[in-house]
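These notes are about the structure you will find just below.
Here it is, written out as structure tokens:
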């Protein structure tokens with residue numbers, strides 16, 4: 244048996260496991276319309292959707308590509324922490340002392356005073372590029388990757404139908420937004436605790452809060468960052484329904500992220516800026532004020548919800564009408 248045949252056999256066994264995990268029996272004819280009793284497939288159990296979601300999430304997290312991407316995200320806060328530690332080892336401020344305040348966001352110079360600020364700094368550093376690119380890869384591969392490998396048609400043999408399968412892909416992608424964000428946050432917190440002191444936190448507005456309250460705010464910031472990514476995740480899922488090439492879908496989604504980020508920096512296009520999905524991404528810093536500035540936070544959540552509604556509906560319309568040949 245050739246290496247390609249072994250690979251296809253492994254994929255087939257993996258798909259059988261995914262369907263079996265969902266509690267759905269495999270039909271005899273996976274290539275076309277099932278015959279006999281399979282023509283009237285049994286209705287899925289109430290827990291079928293949850294089982295399918297669990298199976299999809301497990302498959303996604305076990306891929307080497309996914310583990311490598313999460314590893315890179317975990318490494319970024321470590322590199323930032325080490326860089327700040329080396330930069331300030333002579334007693335100067337971050338960025339060379341006098342220019343420290345201009346070297347990054349307002350909380351970058353505070354990392355040496357309190358390690359929890361590494362969480363906020365790392366999220367601010369990864370949100371514009373790294374996090375959305377990782378999400379774009381996962382979302383772009385969700386449907387197109389299955390079609391390209393020839394497993395999508397097999398998955399649709401299950402009686403759940405296209406809508407439930409798409410919903411499982413959608414919820415898996417949303418869950419990955421949270422997982423990727425938490426990887427950055429946890430890596431930052433551990434690195435910050437090892438390299439810098441921890442204690443009461445002085446917020447951007449100058450108010451001092453306890454470390455416990457700061458941890459709660461850090462958790463809130465991580466949740467906001469994860470929610471900020473659901474817009475591009477849904478766009479990527481829609482793009483994934485347009486092609487049978489996983490690489491093409493991933494490249495298109497990542498390219499779209501970069502393009503929209505550039506558009507958001509052009510002053511002459513200020514009229515469309517409030518409608519671009521990354522425009523309010525860094526508004527999570529308003530959660531580090533007392534009182535919290537809710538205006539842009541609410542606008543960000545509303546904008547992401549709009550993208551989810553529009554492109555989620557478009558993905559459903561496209562996928563349910565798509566001619567599945569692979």
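Numbering (the working numbering), first residue to last: 244 to 569. The beta carbon of each residue, even a glycine, is placed where N, CA and C say it ideally should be.
Through-space distance from residue j to residue i, alpha-carbon basis
i: residue 269; j: residue 298; result: Any reading at residue 269 must be qualified, since the residue scores a pLDDT of 44, below 50, and its modelled position is unreliable; the value itself is stated next. Spanning the two alpha carbons is a distance of roughly 15 Å.
i: residue 475; j: residue 543; result: 13 Å
i: residue 491; j: residue 377; result: 15 Å
i: residue 499; j: residue 518; result: 15 Å
i: residue 300; j: residue 415; result: 5 Å
i: residue 467; j: residue 485; result: 29 Å
i: residue 447; j: residue 511; result: 30 Å
i: residue 516; j: residue 442; result: 38 Å
i: residue 430; j: residue 302; result: 23 Å
i: residue 534; j: residue 452; result: 12 Å
i: residue 324; j: residue 375; result: 22 Å
i: residue 304; j: residue 408; result: 18 Å
i: residue 329; j: residue 493; result: 36 Å
i: residue 530; j: residue 537; result: 8 Å
i: residue 550; j: residue 556; result: 10 Å
i: residue 306; j: residue 449; result: 44 Å
i: residue 558; j: residue 399; result: 16 Å
i: residue 311; j: residue 520; result: 26 Å
i: residue 353; j: residue 365; result: 13 Å
i: residue 522; j: residue 497; result: 17 Å
i: residue 539; j: residue 501; result: 22 Å
i: residue 393; j: residue 514; result: 44 Å
i: residue 455; j: residue 322; result: 26 Å
i: residue 410; j: residue 509; result: 36 Å
i: residue 436; j: residue 507; result: 35 Å
i: residue 432; j: residue 541; result: 26 Å
i: residue 554; j: residue 326; result: 40 Å
For residue i, the nearest candidate out of the options (CA to CA)
i: residue 356; options: 440, 535, 316; result: 440
i: residue 371; options: 359, 557, 504; result: 504
i: residue 295; options: 444, 412, 538, 454; result: 412
i: residue 360; options: 524, 509, 528; result: 528
i: residue 458; options: 473, 358, 565, 307; result: 358
i: residue 380; options: 553, 326, 478; result: 478
i: residue 313; options: 421, 541, 327, 454; result: 421
i: residue 434; options: 456, 397, 553, 317; result: 317
i: residue 495; options: 369, 327, 387; result: 387
i: residue 389; options: 487, 506, 513; result: 487
i: residue 331; options: 394, 438, 508; result: 438
i: residue 548; options: 514, 469, 322, 507; result: 469
i: residue 565; options: 554, 395, 514, 541; result: 395
i: residue 293; options: 327, 418, 315; result: 418
i: residue 552; options: 541, 506, 436, 473; result: 473
i: residue 463; options: 532, 327, 508; result: 532
i: residue 369; options: 541, 436, 506, 315; result: 315
CB-CB length for residue i against residue j, believed under 8 Å
i: residue 385; j: residue 483; result: 5 Å
i: residue 363; j: residue 350; result: 5 Å
i: residue 563; j: residue 309; result: So it is not a contact: roughly 27 Å between Cβ atoms.
i: residue 320; j: residue 427; result: 6 Å
i: residue 480; j: residue 382; result: 5 Å
i: residue 461; j: residue 424; result: That belief does not hold up - the Cβ atoms of residue 461 and residue 424 are roughly 11 Å apart, past 8 Å.
i: residue 546; j: residue 367; result: With 8 Å as the limit, residue 546 and residue 367 do not qualify as a contact, their Cβ atoms being about 19 Å apart.
i: residue 404; j: residue 489; result: Actually they do not touch by this definition, with Cβ atoms about 22 Å apart.
Opening and closing residue of the alpha helix (DSSP H) in which residue i lies
i: residue 559; result: 538-564
i: residue 477; result: 473-483
i: residue 404; result: 404-438
i: residue 395; result: 395-398
i: residue 308; result: 307-330
i: residue 392; result: 373-392
i: residue 489; result: 489-506
i: residue 370; result: Per DSSP, residue 370 belongs to no alpha helix (DSSP H) and is neither H nor E.
Cβ-heavy atom distance, residue i to the ligand FAD, below 7 Å
i: residue 363; result: You won't find the ligand FAD in this model; it holds no ligand whatsoever.
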